[in-house]
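So the structure is just underneath, and the comments pick up after that.
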Amino acid sequence: MCDAGLKLPPNNEKLQREEEEVMHGTNLTLKLNFPQYQSEVEELSVKSSTEVGYVKLLIGQRKGITAKNIRILYNGTQMIDPMSLCDHPGVSPPSIDVDVYINLEHTIDV
């Protein structure tokens, strides 16, 4: 018989944490600046792997508007919906500042 079978790594919390970060992203705090509303700033905690569309949905729930009426810009560039936050150049934990613009013409949900 052979003793060279599959060997699992030891139960290691650090290794498990690293695997979790790779699989689900690390914690990321978004500092939401609303230029249309002078000096209004909010924070939103998500994972770096969170999709931009989901972030828009969370902001929309807070503001009582639909996600399609929200644009998020990072370093002056619009963040694209189907992409994750970490897919955008320069995005790295622990926090980033983003500008959030709301289409004021279509904010009333009937």
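For the sequence shown, position 77 matches number 77 in UniProt numbering, and the numbering has no gaps at all.
We treat Cβ as the ideally placed atom computed from N, Cα and C, and that holds for glycine.
All values reported here derive from a predicted model rather than from experimental measurement.
- Pairing residue 33 with residue 100 gives a Cβ-Cβ distance under 8 Å.
- From the listed residues 66, 18 and 51, the smallest Cα separation to residue 83 is found for 51.
- Segment contact: the region 70-79 against the region 38-45, fewer than three CB-CB distances shorter than 8 Å; contact not assigned.
- In the three-state reduction of the DSSP assignment, residue 37 falls in the coil class, being assigned neither a helical nor a strand state.
- Look at residue 70 here: in three-state DSSP terms it is strand.
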